[in-house]
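Just below is one structure, and these are the notes that go with it.
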Amino acid sequence: MVHSMTAFARVEQNGAYGTLSWELRSVNHRYLEPHLRLPDNLREVEGTVREALRNGLSRGKVECTLRLTESSSEAALQIDQERAQQLIKAAEHIAQQIQQPAPLNPLDVLAWPGVLSAQSVDSQAINQAATELFHAALQDLKDSRAREGADLARLINERLDAIQTETQVLRKLVPEMLAIQREKILVRCQELKVEIEPQRLEQELVLIAQKSDVAEELDRLATHVNEVRRVLKTGGAIGRRLDFLMQELNREANTLGSKAIDPRSTQAAVNIKVLIEQMREQVQNIE
Numbered sequence: 187m188v189h190s191m192t193a194f195a196r197v198e199q200n201g202a203y204g205t206l207s208w209e210l211r212s213v214n215h216r217y218l219e220p221h222l223r224l225p226d227n228l229r230e231v232e233g234t235v236r237e238a239l240r241n242g243l244s245r246g247k248v249e250c251t252l253r254l255t256e257s258s259s260e261a262a263l264q265i266d267q268e269r270a271q272q273l274i275k276a277a278e279h280i281a282q283q284i285q286q287p288a289p290l291n292p293l294d295v296l297a298w299p300g301v302l303s304a305q306s307v308d309s310q311a312i313n314q315a316a317t318e319l320f321h322a323a324l325q326d327l328k329d330s331r332a333r334e335g336a337d338l339a340r341l342i343n344e345r346l347d348a349i350q351t352e353t354q355v356l357r358k359l360v361p362e363m364l365a366i367q368r369e370k371i372l373v374r375c376q377e378l379k380v381e382i383e384p385q386r387l388e389q390e391l392v393l394i395a396q397k398s399d400v401a402e403e404l405d406r407l408a409t410h411v412n413e414v415r416r417v418l419k420t421g422g423a424i425g426r427r428l429d430f431l432m433q434e435l436n437r438e439a440n441t442l443g444s445k446a447i448d449p450r451s452t453q454a455a456v457n458i459k460v461l462i463e464q465m466r467e468q469v470q471n472i473e
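What follows is the structure, given as structure tokens:
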């Protein structure tokens, strides 16, 4: 299966601790380059996340952002009733020994160390939840990359079909173009009133045919087209191999254009180069 390097995924989960969310963005890159943005209290998941990325992806610049919105419910604060009662009794005992004691302020009781505390949060549970949620986000990202990769493969195959059509048409036109070239030479000689020995004429035509022989280039183009199709079917991390094949296709198309002896062969070479360039741009996004 062909995978694109461009994709986006976002997952969210609510729990007693609040709301966890992952955002994953990936774009094309020569290697796998992860960038993580994590809350300070969830840094422990970084190692697991990096390992999952290495196992799940081969190439691409991947930005991973984790957000935690903590719960603001009333249960977030807890009062140590026993400690508060001890503090109140101690304050009343002291008040009895003072002639005009000030009234006891409840906020002073709450401010005493140990009376009021934030609800304890199980950091291990949050880390576990963040890790599991990341795996879900990564799978979503991979599915998105696979869908886009299938579209890229279809677009490339369409252009391979067009190249195949161009080469087949050109192969059939070669004998006709050589015959036209022969006729042009004969007409030119008659216009200049130059007599050429039949043997010399045939030698010149043989040289022209050799210089304009594109059978080898057409064969190599066909071979490269078949190889690209095979690589697309193989799937996996094929981006670099496809990029190399695009270079080889372009090389043959350039040679084809340099050997052109007819406007139709020139146009065919230009059409093929345009198709190759379109494929090359798509290949840059393939993993």
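187 is the number of the first residue of the sequence shown in the working numbering; add one for each residue after it.
Where is the CB? At the ideal position from N, CA and C, for every residue including glycine.
Between residue i and residue j, which are expected to be in contact by the criterion C-beta below 8 Å, what is the C-beta distance as a whole number of angstroms?
{"i": "Asn436", "j": "Lys459", "result": "7 Å"}
{"i": "Leu327", "j": "Ala195", "result": "4 Å"}
{"i": "Ser190", "j": "Glu467", "result": "That pair is no contact at about 13 Å."}
{"i": "Glu413", "j": "Leu431", "result": "6 Å"}
Could you confirm whether any beta carbon from chain B is found closer than 7 Å to the beta carbon of residue i?
{"i": "Thr409", "result": "Absent from the structure is chain B; it holds one protein chain and no more."}
Pull up the distance between the alpha-carbon of residue i and that of residue j, whole angstroms please.
{"i": "Ala261", "j": "Val248", "result": "Here Ala261 scores only 46 on pLDDT, less than 50, and its place in the model should not be relied on; the value that follows carries that caveat. Cα-Cα distance, rounded: 38 Å."}
{"i": "Met187", "j": "Thr409", "result": "22 Å"}
{"i": "Glu198", "j": "Gly204", "result": "11 Å"}
{"i": "Tyr332", "j": "Glu438", "result": "Checking the sequence shown, residue 332 turns out to be Ala, not Tyr. Computed Cα separation, rounded: 31 Å."}
{"i": "Glu318", "j": "Ser207", "result": "11 Å"}
{"i": "Val295", "j": "Ala270", "result": "7 Å"}
So, with DSSP's three-state summary, where would you put residue i?
{"i": "Glu260", "result": "Note on Glu260: pLDDT 41, under 50, position unreliable in the model; the coordinate value appears next. Here Glu260 sits in helix by DSSP."}
{"i": "Gly335", "result": "helix"}
{"i": "Pro220", "result": "strand"}
{"i": "Arg466", "result": "helix"}
{"i": "Thr205", "result": "strand"}
{"i": "Arg245", "result": "coil"}
{"i": "Val456", "result": "helix"}
{"i": "Val188", "result": "coil"}
Residue j and residue i - do their beta-carbons sit closer together than 7 Å?
{"i": "Ala238", "j": "Ser330", "result": "no"}
{"i": "Leu404", "j": "Thr452", "result": "no"}
{"i": "Leu461", "j": "Ala316", "result": "no"}
{"i": "Phe320", "j": "Val417", "result": "no"}
{"i": "Arg450", "j": "Leu359", "result": "yes"}
{"i": "Gly242", "j": "Leu324", "result": "yes"}
{"i": "Glu230", "j": "Asn343", "result": "no"}
Identify the continuous alpha helix (DSSP H) that holds residue i and give its terminal residues.
{"i": "Val235", "result": "232-242"}
{"i": "Ser444", "result": "425-444"}
{"i": "Thr420", "result": "401-420"}
{"i": "Leu296", "result": "292-297"}
{"i": "Arg269", "result": "267-281"}
Tell me where the beta strand (DSSP E) around residue i begins and ends.
{"i": "Asn471", "result": "It is not in any beta strand (DSSP E) - Asn471 carries neither H nor E in the DSSP assignment."}
{"i": "Val197", "result": "193-201"}
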